[in-house]
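Comments concern the structure below.
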Amino acid sequence: MFPIRDHNPSSRTPYVTWGIIALNVILFVLTMPGVGGMESLWADWALYPAAITHGAYLQGLVTHMFLHAGLLHIAGNMLFLWVFGDNLEDQLGHIGFALFYLAAGLAAAAAQILTDPSSTVPMVGASGAIAGVMGGYMLMFPRARVDVLLIFIVFFKVLPIPAWVVLGIWFALQLLNGTTAGMADGVAYWAHAGGFVAGLLLMVPHWRRMGGVLFWGQTHGRPPHPEIDYSRSNIPVVRRRRR
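The number in the numbering used here is simply the position in the sequence shown, starting from 1, with 8 added.
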(Lines of atoms letter the chains of each structure in order from A and count residues from 1; the text may use other names and numbers.)
(Lines give C-alpha, C1' and ligand atoms only; values in the text may rest on other atoms or scores of the structure.)
Protein backbone atom coordinates (compact mmCIF):
# COMPACT_ATOMS: atom_id res chain seq x y z
CA MET A 1 0.00 0.00 0.00
CA PHE A 2 1.72 3.17 -1.24
CA PRO A 3 0.33 6.72 -1.10
CA ILE A 4 1.07 8.29 -4.48
CA ARG A 5 -0.70 11.67 -4.24
CA ASP A 6 -3.33 13.55 -2.31
CA HIS A 7 -6.24 15.75 -3.39
CA ASN A 8 -4.98 18.68 -1.34
CA PRO A 9 -3.47 21.49 -3.49
CA SER A 10 -1.10 24.09 -2.03
CA SER A 11 -1.53 27.83 -2.32
CA ARG A 12 2.21 28.51 -2.20
CA THR A 13 5.19 26.99 -4.00
CA PRO A 14 6.83 24.43 -1.65
CA TYR A 15 10.42 25.57 -2.11
CA VAL A 16 11.63 23.99 1.13
CA THR A 17 10.05 20.62 0.33
CA TRP A 18 11.61 20.66 -3.11
CA GLY A 19 14.94 21.77 -1.65
CA ILE A 20 14.99 18.93 0.90
CA ILE A 21 14.21 16.40 -1.85
CA ALA A 22 16.96 17.83 -4.06
CA LEU A 23 19.53 17.81 -1.24
CA ASN A 24 18.73 14.20 -0.36
CA VAL A 25 19.07 13.09 -3.98
CA ILE A 26 22.36 14.96 -4.46
CA LEU A 27 23.88 13.49 -1.29
CA PHE A 28 22.64 10.03 -2.23
CA VAL A 29 24.45 10.22 -5.57
CA LEU A 30 27.60 11.69 -4.03
CA THR A 31 27.84 8.97 -1.38
CA MET A 32 27.10 6.01 -3.66
CA PRO A 33 30.12 3.68 -3.78
CA GLY A 34 32.16 4.30 -6.90
CA VAL A 35 29.98 7.17 -8.11
CA GLY A 36 30.36 10.43 -6.20
CA GLY A 37 33.65 9.71 -4.47
CA MET A 38 32.31 10.76 -1.06
CA GLU A 39 31.57 7.35 0.46
CA SER A 40 33.32 8.28 3.70
CA LEU A 41 30.80 11.07 4.24
CA TRP A 42 28.10 8.45 4.72
CA ALA A 43 29.99 6.85 7.60
CA ASP A 44 30.94 10.19 9.16
CA TRP A 45 27.43 11.63 8.98
CA ALA A 46 25.39 8.59 10.03
CA LEU A 47 23.83 8.47 13.48
CA TYR A 48 25.41 6.06 15.98
CA PRO A 49 23.32 5.81 19.20
CA ALA A 50 26.25 4.51 21.28
CA ALA A 51 28.49 7.36 20.12
CA ILE A 52 25.79 9.97 20.77
CA THR A 53 25.31 8.76 24.35
CA HIS A 54 29.06 9.31 24.88
CA GLY A 55 29.04 12.77 23.32
CA ALA A 56 30.66 11.79 20.00
CA TYR A 57 29.52 12.09 16.39
CA LEU A 58 26.91 14.65 17.47
CA GLN A 59 26.65 15.96 13.91
CA GLY A 60 24.87 12.73 13.08
CA LEU A 61 21.77 13.94 14.92
CA VAL A 62 21.09 16.26 11.97
CA THR A 63 23.13 14.90 9.07
CA HIS A 64 21.65 11.39 9.20
CA MET A 65 18.35 12.88 7.95
CA PHE A 66 19.91 13.61 4.55
CA LEU A 67 21.59 10.25 3.86
CA HIS A 68 20.07 7.02 2.55
CA ALA A 69 21.12 3.38 2.29
CA GLY A 70 19.74 2.46 -1.11
CA LEU A 71 17.58 3.40 -4.07
CA LEU A 72 14.34 2.02 -2.64
CA HIS A 73 15.09 3.71 0.67
CA ILE A 74 15.40 7.19 -0.80
CA ALA A 75 12.64 6.66 -3.38
CA GLY A 76 10.10 5.71 -0.72
CA ASN A 77 11.06 8.54 1.60
CA MET A 78 11.00 11.21 -1.09
CA LEU A 79 7.63 9.97 -2.36
CA PHE A 80 6.09 10.39 1.11
CA LEU A 81 7.67 13.84 1.48
CA TRP A 82 6.41 14.83 -1.99
CA VAL A 83 2.84 13.78 -1.12
CA PHE A 84 2.55 15.32 2.34
CA GLY A 85 5.25 17.98 2.69
CA ASP A 86 3.83 20.73 0.48
CA ASN A 87 0.64 21.07 2.53
CA LEU A 88 2.44 21.53 5.85
CA GLU A 89 4.77 24.04 4.21
CA ASP A 90 1.65 25.80 2.96
CA GLN A 91 0.37 25.97 6.54
CA LEU A 92 3.60 26.84 8.37
CA GLY A 93 5.43 28.94 5.77
CA HIS A 94 8.87 28.16 4.38
CA ILE A 95 10.97 28.89 7.49
CA GLY A 96 8.40 27.43 9.87
CA PHE A 97 8.25 24.21 7.90
CA ALA A 98 12.05 23.91 7.74
CA LEU A 99 12.26 24.25 11.53
CA PHE A 100 9.37 21.81 11.98
CA TYR A 101 11.09 19.25 9.75
CA LEU A 102 14.38 19.45 11.66
CA ALA A 103 12.63 19.29 15.04
CA ALA A 104 10.67 16.20 14.02
CA GLY A 105 13.87 14.57 12.75
CA LEU A 106 15.67 15.28 16.02
CA ALA A 107 12.74 13.87 18.02
CA ALA A 108 12.78 10.73 15.85
CA ALA A 109 16.50 10.30 16.45
CA ALA A 110 15.97 10.70 20.20
CA ALA A 111 13.25 8.04 20.18
CA GLN A 112 15.53 5.55 18.45
CA ILE A 113 18.47 6.31 20.76
CA LEU A 114 16.31 5.89 23.86
CA THR A 115 15.13 2.46 22.72
CA ASP A 116 18.67 1.18 22.10
CA PRO A 117 21.31 3.59 23.47
CA SER A 118 24.16 1.07 23.16
CA SER A 119 23.60 0.32 19.47
CA THR A 120 26.59 0.73 17.17
CA VAL A 121 24.51 0.18 14.03
CA PRO A 122 24.55 3.36 11.91
CA MET A 123 21.16 4.94 11.29
CA VAL A 124 20.49 7.04 8.18
CA GLY A 125 17.42 8.31 6.40
CA ALA A 126 14.79 11.02 6.36
CA SER A 127 12.08 8.64 7.55
CA GLY A 128 11.81 10.06 11.06
CA ALA A 129 11.49 13.68 9.91
CA ILE A 130 9.01 12.68 7.19
CA ALA A 131 7.02 10.69 9.77
CA GLY A 132 6.72 13.98 11.64
CA VAL A 133 5.31 15.59 8.50
CA MET A 134 2.80 12.75 8.27
CA GLY A 135 1.77 13.20 11.90
CA GLY A 136 1.23 16.92 11.41
CA TYR A 137 -0.72 16.28 8.20
CA MET A 138 -3.06 13.84 9.94
CA LEU A 139 -3.84 16.40 12.63
CA MET A 140 -4.59 19.19 10.14
CA PHE A 141 -6.37 17.21 7.40
CA PRO A 142 -7.62 13.88 8.80
CA ARG A 143 -10.22 13.45 6.05
CA ALA A 144 -8.16 14.70 3.11
CA ARG A 145 -8.32 12.15 0.32
CA VAL A 146 -5.06 10.30 -0.38
CA ASP A 147 -4.72 8.10 -3.46
CA VAL A 148 -3.17 4.79 -2.44
CA LEU A 149 -1.71 2.22 -4.83
CA LEU A 150 -2.83 -1.28 -3.84
CA ILE A 151 -0.85 -4.10 -5.45
CA PHE A 152 -2.27 -7.65 -5.64
CA ILE A 153 0.48 -9.79 -7.20
CA VAL A 154 0.11 -8.73 -10.87
CA PHE A 155 -2.94 -6.48 -10.46
CA PHE A 156 -3.03 -3.00 -9.03
CA LYS A 157 -5.65 -0.39 -8.22
CA VAL A 158 -5.58 3.22 -7.05
CA LEU A 159 -8.08 4.03 -4.30
CA PRO A 160 -8.78 7.38 -2.59
CA ILE A 161 -8.67 6.78 1.18
CA PRO A 162 -9.02 9.33 4.03
CA ALA A 163 -5.67 10.48 5.39
CA TRP A 164 -6.43 9.34 8.94
CA VAL A 165 -6.90 5.76 7.71
CA VAL A 166 -3.74 5.71 5.57
CA LEU A 167 -1.54 7.37 8.18
CA GLY A 168 -3.17 5.60 11.12
CA ILE A 169 -2.44 2.19 9.57
CA TRP A 170 1.13 3.25 8.81
CA PHE A 171 1.69 4.39 12.41
CA ALA A 172 0.18 1.19 13.83
CA LEU A 173 2.53 -0.87 11.67
CA GLN A 174 5.53 1.05 13.01
CA LEU A 175 4.47 0.31 16.59
CA LEU A 176 3.83 -3.36 15.78
CA ASN A 177 7.12 -3.84 13.95
CA GLY A 178 9.05 -1.87 16.56
CA THR A 179 7.68 -4.13 19.28
CA THR A 180 8.24 -7.41 17.44
CA ALA A 181 11.28 -6.78 15.24
CA GLY A 182 13.13 -3.82 16.74
CA MET A 183 15.96 -3.14 14.27
CA ALA A 184 16.44 -6.80 13.41
CA ASP A 185 15.47 -6.11 9.80
CA GLY A 186 17.51 -2.91 9.61
CA VAL A 187 14.56 -0.51 9.91
CA ALA A 188 14.39 2.08 12.73
CA TYR A 189 10.70 1.66 13.53
CA TRP A 190 10.88 3.57 16.80
CA ALA A 191 12.37 6.55 14.97
CA HIS A 192 9.34 6.44 12.67
CA ALA A 193 6.89 6.21 15.56
CA GLY A 194 8.69 8.89 17.57
CA GLY A 195 8.84 11.26 14.61
CA PHE A 196 5.14 10.77 13.90
CA VAL A 197 4.10 11.57 17.47
CA ALA A 198 6.49 14.53 17.60
CA GLY A 199 5.13 15.95 14.35
CA LEU A 200 1.56 15.66 15.58
CA LEU A 201 2.41 17.41 18.85
CA LEU A 202 4.50 20.10 17.15
CA MET A 203 1.54 20.88 14.90
CA VAL A 204 -0.89 21.33 17.80
CA PRO A 205 -0.08 25.07 18.37
CA HIS A 206 -0.78 25.88 14.71
CA TRP A 207 -3.92 23.73 14.72
CA ARG A 208 -5.16 25.63 17.77
CA ARG A 209 -4.39 28.99 16.14
CA MET A 210 -6.52 27.86 13.21
CA GLY A 211 -9.39 27.15 15.61
CA GLY A 212 -8.68 23.61 16.79
CA VAL A 213 -11.88 21.58 16.89
CA LEU A 214 -13.72 24.52 15.30
CA PHE A 215 -11.31 24.30 12.36
CA TRP A 216 -12.25 20.66 11.95
CA GLY A 217 -15.91 21.59 12.21
CA GLN A 218 -15.61 24.24 9.52
CA THR A 219 -13.70 22.02 7.11
CA HIS A 220 -15.10 18.62 8.15
CA GLY A 221 -11.50 17.48 8.55
CA ARG A 222 -10.76 18.15 4.88
CA PRO A 223 -8.54 20.73 3.21
CA PRO A 224 -9.86 24.29 3.74
CA HIS A 225 -9.97 24.85 -0.03
CA PRO A 226 -11.27 23.06 -3.15
CA GLU A 227 -9.84 19.59 -3.68
CA ILE A 228 -8.24 18.20 -6.84
CA ASP A 229 -10.25 15.75 -8.91
CA TYR A 230 -8.09 13.24 -10.82
CA SER A 231 -10.97 11.03 -11.90
CA ARG A 232 -11.94 12.60 -15.23
CA SER A 233 -8.57 12.80 -16.96
CA ASN A 234 -4.85 12.83 -16.39
CA ILE A 235 -5.04 16.59 -15.89
CA PRO A 236 -5.85 17.51 -12.29
CA VAL A 237 -9.02 19.58 -11.95
CA VAL A 238 -9.85 21.57 -8.84
CA ARG A 239 -13.39 21.01 -7.66
CA ARG A 240 -15.47 22.04 -4.69
CA ARG A 241 -15.76 19.72 -1.70
CA ARG A 242 -18.92 17.80 -1.04
CA ARG A 243 -20.00 18.03 2.57
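We put the beta carbon where it would ideally sit given N, CA and C, even for glycine.
* **Bounding residues of the alpha helix (DSSP H) (the contiguous stretch that carries R217)** => Within the sequence shown, residue 217 is the residue found at index 209, counting from 1. Y197 to R217 is the extent of the alpha helix (DSSP H) around R217.
* **Cβ-based neighbour list, L208, same chain, cut-off 7 Å, excluding 5 preceding and 5 following** => Taking the sequence shown and counting its residues from 1, the one referred to as residue 208 is at position 200. Here the set comprises G143, G144, M146 and L147.
* Would you say A152 and R230 are within 8 Å of each other, going by their C-beta atoms? -> Sequence index remark: in the sequence shown, residue 152 carries index 144 (1-based). Sequence index remark: in the sequence shown, residue 230 carries index 222 (1-based). Yes, these two residues count as a Cβ contact at 8 Å.
* Cβ-based neighbour list, F88, same chain, cut-off 6 Å, excluding 5 preceding and 5 following -> Residue mapping note: residue 88 aligns to position 80 of the sequence shown, counting from 1. Taking C-beta separations shorter than 6 Å and ignoring five residues to either side along the sequence, the partners of F88 in its chain run I138, following chain order.
* **Short Cβ contact (8 Å threshold) for L122 with F108** => Residue numbering aside, residue 122 sits at position 114 when the sequence shown is read from its first letter. Residue numbering aside, residue 108 sits at position 100 when the sequence shown is read from its first letter. Taking the C-beta atoms as reference points, F108 is found no nearer than 8 Å to L122.
* To do: Inspect the beta-carbon positions of A199 and Q99 and report whether they are closer than 8 Å.
  => Here residue 199 refers to the residue found at position 191 of the sequence shown. Here residue 99 refers to the residue found at position 91 of the sequence shown. No, Cβ-Cβ distance for A199 and Q99 is not below 8 Å.
* Asked: In whole angstroms, what separates the C-alpha of F149 from that of L79?
  -> Working through the sequence shown from its first residue, we reach residue 149 at position 141. Working through the sequence shown from its first residue, we reach residue 79 at position 71. Roughly 30 Å separates the two Cα atoms.
* Since G203 contacts G140 with CB under 8 Å, what's their CB separation in whole angstroms? -> In the sequence shown, residue 203 corresponds to position 195, counting from 1. In the sequence shown, residue 140 corresponds to position 132, counting from 1. Between G203 and G140 the beta-carbon gap is near 4 Å, inside 8 Å, which marks them as a contact.
* **Residues that DSSP places opposite R13 in a beta bridge** => As a position in the sequence shown, residue 13 is number 5, starting the count at 1. R13 pairs with D155.
* **Beta-bridge pairing of F164 - partner residues as DSSP gives them** => Within the sequence shown, the letter at position 156 stands for residue 164. In the DSSP output, where bridge partners are listed per residue, F164 has I159.
* To do: Quick one: measure Cβ to Cβ for L252 and V70, integer angstroms, because I've assumed they're closer than 8 Å.
  => The chain is shown from 9 up to 251; residue 252 falls before or after that span and cannot be answered.
* CA-CA distance, A58 and G194? -> In the sequence shown, the residue the question calls residue 58 occupies position 50. In the sequence shown, the residue the question calls residue 194 occupies position 186. Distance between the alpha carbons of A58 and G194: 16 Å.
* Asked: Taking the alpha carbon of I103 as the point to measure from, which residue in G186, P22 and R13 has its own alpha carbon closest?
  -> Locating residue 103 in the sequence shown gives position 95, counting from the first residue. Of G186, P22 and R13, the smallest CA-CA separation from I103 is found for P22.
* To do: Could you spell out the range, first to last residue, of the alpha helix (DSSP H) harbouring D124?
  => Here residue 124 refers to the residue found at position 116 when the sequence shown is read from its first residue. From DSSP, D124 is part of no alpha helix (DSSP H); its letter is neither H nor E.
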